[in-house]
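**Q** First the structure, then my questions, so here it is.
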Amino acid sequence: MLSLLQTKCEHYWPTGQKPHLHGNVTVTLVGSKQTEHFIQRTLLIGKGTELTVTHYQYLAWTDHGVPASTAPLVALLYQVKMTSQEDGALTGPIIVHCSAGIGRTGTFIAADMLMNAIQRSTATDYIDIAGTVAKLREQRTSLVQTLYQYIYLHRIMLSLIEE
Numbered sequence: 002m003l004s005l006l007q008t009k010c011e012h013y014w015p016t017g018q019k020p021h022l023h024g025n026v027t028v029t030l031v032g033s034k035q036t037e038h039f040i041q042r043t044l045l046i047g048k049g050t051e052l053t054v055t056h057y058q059y060l061a062w063t064d065h066g067v068p069a070s071t072a073p074l075v076a077l078l079y080q081v082k083m084t085s086q087e088d089g090a091l092t093g094p095i096i097v098h099c100s101a102g103i104g105r106t107g108t109f110i111a112a113d114m115l116m117n118a119i120q121r122s123t124a125t126d127y128i129d130i131a132g133t134v135a136k137l138r139e140q141r142t143s144l145v146q147t148l149y150q151y152i153y154l155h156r157i158m159l160s161l162i163e164e
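Residue 2 is where the sequence shown starts when you use our numbering, and the numbers rise one by one after that.
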């Protein structure tokens with residue numbers, strides 16, 4: 002994966018029917034669906050036993066920047082939530098990454114956490130964006146890397162609240 006002609010991520014998933022072999026782990030593409038802003042892939046990962054993984058690739062977010070609109074990312078948040086839950090229970094961990102693992106990753110994780118807080122809240126509850134980012138930064142320094150990403154996180158929350 003390239004951004005500004007720099008390799009940002011190794012291409013660890015297959016694009017066609019031929020499986021990728023990583024050591025003794027096989028990754029097979031079972032299916033994919035593309036929207037304007039992201040690709041949803043179903044992967045089969047195997048080393049003895051097989052595990053089905055839903056993989057999302059968001060297409061419209063450059064390194065250090067923010068998307069122009071919140072709508073596509075909000076749609077992705079809802080899609081990930083719908084895919085990762087079965088009968089209301091989490092089916093497995095949600096794993097998020099970008100090139101450095103702090104900017105886009107942190108913004109997405111904070112948005113997911115805050116979306117969950119909004120869904121559990123009442124009209125009088127306080128949604129603590131700054132506190133959520135601070136709590137995340139206790140785990141990984143610099144999550145939500147830029148001021149623009151922090152502002153974008155506020156815009157995402159406003160979009161979610163207005164729905």
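For every residue, glycine included, the Cβ atom is placed at its ideal position computed from N, Cα and C. For clarity, every value in this text was computed on a predicted model and none was experimentally measured.
By Cβ distance below 6 Å, which residues in the same chain neighbour G17 in space, the five residues on each side in sequence not counted?
**A** Taking the first residue of the sequence shown as 1, we reach residue 17 at position 16. So no residue of the chain qualifies.
**Q** Could you tell me the alpha carbon to alpha carbon distance between T50 and H21, rounded to whole angstroms?
**A** The sequence position of residue 50 within the sequence shown is 49, counting from 1. The sequence position of residue 21 within the sequence shown is 20, counting from 1. One C-alpha to the other measures close to 16 Å.
**Q** Does the beta-carbon of M116 have 16 or more other beta-carbons within 10 angstroms, so that it is buried, or is it exposed?
**A** For the purposes of this step, residue 116 is taken as residue 115 along the sequence shown, with counting starting at 1. The residue is buried, with at least 16 neighbouring Cβ atoms inside 10 Å.
**Q** Taking contact to mean 3 or more Cβ pairs, one atom from each stretch, closer than 8 Å, check whether the segment 57–72 and the segment 29–47 are in contact.
**A** The segment 57–72 is in contact with the segment 29–47.
**Q** Spell out a yes or no on whether the segment 87–106 and the segment 121–132 are touching, meaning 3 or more CB-CB pairs, one atom from each, closer than 8 Å.
**A** Counting Cβ pairs under 8 Å, fewer than three are found: no touch.
**Q** May I ask you to list the residues that DSSP assigns as paired with I128?
**A** Here residue 128 corresponds to residue number 127 of the sequence shown, with the count starting at 1. I128 is not bridged to any residue.
**Q** Here's a check: name, in chain order, each residue in its chain whose Cβ is nearer than 8 Å to the Cβ of I119, leaving out the five neighbours to either side.
**A** Mapped onto the sequence shown, residue 119 falls at position 118. Taken in chain order, the residues that qualify are I128, M158, L161, I162.
**Q** Using the three-state DSSP reduction, which class does T87 fall into: helix, strand or coil?
**A** Here residue 87 corresponds to residue number 86 of the sequence shown, with the count starting at 1. It should be pointed out that residue 87 corresponds to Glu in this sequence rather than to Thr. Here E87 sits in strand by DSSP.
**Q** Taking C-beta to C-beta, are L74 and A111 nearer than 8 Å?
**A** Here residue 74 refers to the residue found at position 73 when the sequence shown is read from its first residue. Here residue 111 refers to the residue found at position 110 when the sequence shown is read from its first residue. It is not a contact, given that the beta carbons lie outside the stated cut-off.
**Q** Is T29 near L45, with beta carbons less than 8 Å apart?
**A** Taking the sequence shown and counting its residues from 1, the one referred to as residue 29 is at position 28. Taking the sequence shown and counting its residues from 1, the one referred to as residue 45 is at position 44. Taking 8 Å as the Cβ cut-off, T29 and L45 qualify as a contacting pair.
**Q** Hey, out of R121, T147, R156, L78, whose CA is closest to G102's CA?
**A** Translated into positions along the sequence shown, residue 102 becomes position 101. When each option's Cα is compared against that of G102, the closest is T147.
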